Amino acid sequence: MSDSLEAYLDRYLQAGRIAAKLRPLVTKLVRVGTSVTEICESIEEETRRLGAKPAFPVNVCVGSVAAHFTAPPDDDSAISEGDLVKVDYGAMVDGFMVDTAVSVNLSPIDAGIVRAAAECLEAGIRSVQAGKDVEKVGSAIQKTAESAGFKVIENLTGHEVSRYNLHAGGIIPNVARGCRGKVQPNKVYAIEPFLTYSYGAGIVVERSPSVIFRLARSRPRNQALAPLHSRIAESFDNMPFAERWLQLSAEERLAFKRLVEAGCVSKYPQLVEKNGAAVAQAEHTVAVLPEKTIVLTR
Numbered sequence: 365m366s367d368s369l370e371a372y373l374d375r376y377l378q379a380g381r382i383a384a385k386l387r388p389l390v391t392k393l394v395r396v397g398t399s400v401t402e403i404c405e406s407i408e409e410e411t412r413r414l415g416a417k418p419a420f421p422v423n424v425c426v427g428s429v430a431a432h433f434t435a436p437p438d439d440d441s442a443i444s445e446g447d448l449v450k451v452d453y454g455a456m457v458d459g460f461m462v463d464t465a466v467s468v469n470l471s472p473i474d475a476g477i478v479r480a481a482a483e484c485l486e487a488g489i490r491s492v493q494a495g496k497d498v499e500k501v502g503s504a505i506q507k508t509a510e511s512a513g514f515k516v517i518e519n520l521t522g523h524e525v526s527r528y529n530l531h532a533g534g535i536i537p538n539v540a541r542g543c544r545g546k547v548q549p550n551k552v553y554a555i556e557p558f559l560t561y562s563y564g565a566g567i568v569v570e571r572s573p574s575v576i577f578r579l580a581r582s583r584p585r586n587q588a589l590a591p592l593h594s595r596i597a598e599s600f601d602n603m604p605f606a607e608r609w610l611q612l613s614a615e616e617r618l619a620f621k622r623l624v625e626a627g628c629v630s631k632y633p634q635l636v637e638k639n640g641a642a643v644a645q646a647e648h649t650v651a652v653l654p655e656k657t658i659v660l661t662r
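Mind the numbering: the sequence shown is residues 365 to 662 in this note's numbering, read in order.
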């Protein structure tokens, strides 16, 4: 597929237009007292109404949580005064997907880091060209962050996107070192700098509970679990999903837990800044053609 990106570009552009249309709704929803469930489900429902599918469960990450939190079943959490909120969402058309994110600060204290994350994203986009060293893209992002007085989260990166594959192999680092390779033509990449404060560790660590999942290759040996496993496979194939999407009964929730324990369903742990410092994020998806780069989600 990489040799014929232009043949599929219309699908990527359609998904990107839908993601861009959603952005005003995203920022409108992030208000004190709004439940995380309402934010997630409103964005997911509007994605479908506009003619796409959610590429993954909407992530709503607050404060030091950088990634991989969505509303679990029966969640009662809500946005609070002073929160720094990251909303990461995606749209998929015929398997061709885009990934984008915005940060919303509910305290003026965090206005600077939100602005800096957006500036880092723009620096990364300007640097992404076919044939360029990916470390140079990371260097542009890191220099922009540090010139504003913030740290980049070093162990989070941008990533290649392909059909039905959100993390397709290639990465776009957010730092100037530790990642070799070149930006490849006829590829699609999500560029997503994550920033934290100077007192942060600049890395994320895993935290439980996990609330985003993906079907693993293993099939259940316990045949009582097979119907739910088949249902997940038919509904989501290899794509990430949220438990709340399954609308499980009490008995099915127990079966789902057993599928996870058996390794038949993989989990995405929450990723949290190691020192507990707040994190901001900005993200767009770009299509890299031999002669130009197109921002799909603007």
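All C-beta atoms in this analysis are idealised placements derived from N, C-alpha and C, irrespective of residue type, glycine included.
Note that the coordinates shown come from a computational prediction; the quantities given were computed from them, not determined experimentally.
Item: Going by beta-carbon coordinates alone, are V400 and S441 separated by less than 9 Å?; Value: yes
Item: Considering F577, what are the terminal residues of the alpha helix (DSSP H) in which it resides?; Value: First-last for F577: 568-579, but that is the beta strand (DSSP E), not the alpha helix (DSSP H).
Item: Rounding to the nearest angstrom, what Cα-Cα distance links S526 and M461 in this structure?; Value: 7 Å
Item: Would you check if the distance between the CB atom of G564 and the CB atom of E445 is smaller than 9 Å?; Value: no
Item: With a cut-off of 8 Å on the beta carbons, I'd call D601 and L530 a contact; round off their distance for me.; Value: The Cβ separation is near 12 Å, so there is no contact.
Item: With a threshold of 9 Å between beta-carbons, can R585 be considered close to chain C, or not?; Value: In the displayed structure, chain C is absent; only one protein chain is listed.
Item: Label S467 either buried or exposed according to how many other C-beta atoms from any shown protein chain fall within 10 Å of its C-beta, with 16 as the threshold for buried.; Value: buried
Item: May I ask you to list the residues that DSSP assigns as paired with Y632?; Value: I576
Item: Compute the distance between the beta-carbons of D447 and L470, then report whether it is under 9 Å.; Value: yes
Item: For the alpha helix (DSSP H) holding T661, just list the boundary residues, first then last.; Value: Counting along the chain, T661 falls outside any alpha helix (DSSP H), and DSSP gives it neither H nor E.
Item: What do you get for S491, buried or exposed, if any count of 16 or more other CB atoms within 10 angstroms of its CB means buried?; Value: buried
Item: Using the three-state DSSP reduction, which class does L386 fall into: helix, strand or coil?; Value: helix
Item: Going by the beta-carbon positions, is the gap between N538 and I517 smaller than 9 Å?; Value: yes
Item: Whole angstroms is fine: what's the gap from R381's alpha carbon to D452's?; Value: 16 Å
Item: So, helix, strand or coil for K656, using DSSP?; Value: coil
Item: Could you give the distance in angstroms between the alpha-carbon of I489 and the alpha-carbon of V650?; Value: 8 Å
Item: Kindly indicate which residue of Q378, E409, A435 has the alpha-carbon position closest to the one of R608.; Value: A435
Item: For D497, does the three-state DSSP call read helix, strand or coil?; Value: strand
Item: For the stretch 461-519, which segments carrying the alpha helix (DSSP H) assignment without a break, of at least 4 residues, lie completely within its bounds, in sequence order?; Value: 475-491, 498-511
Item: Taking only the alpha-carbon atoms, compute the straight-line gap between V643 and F620 and give it to the nearest angstrom.; Value: 31 Å
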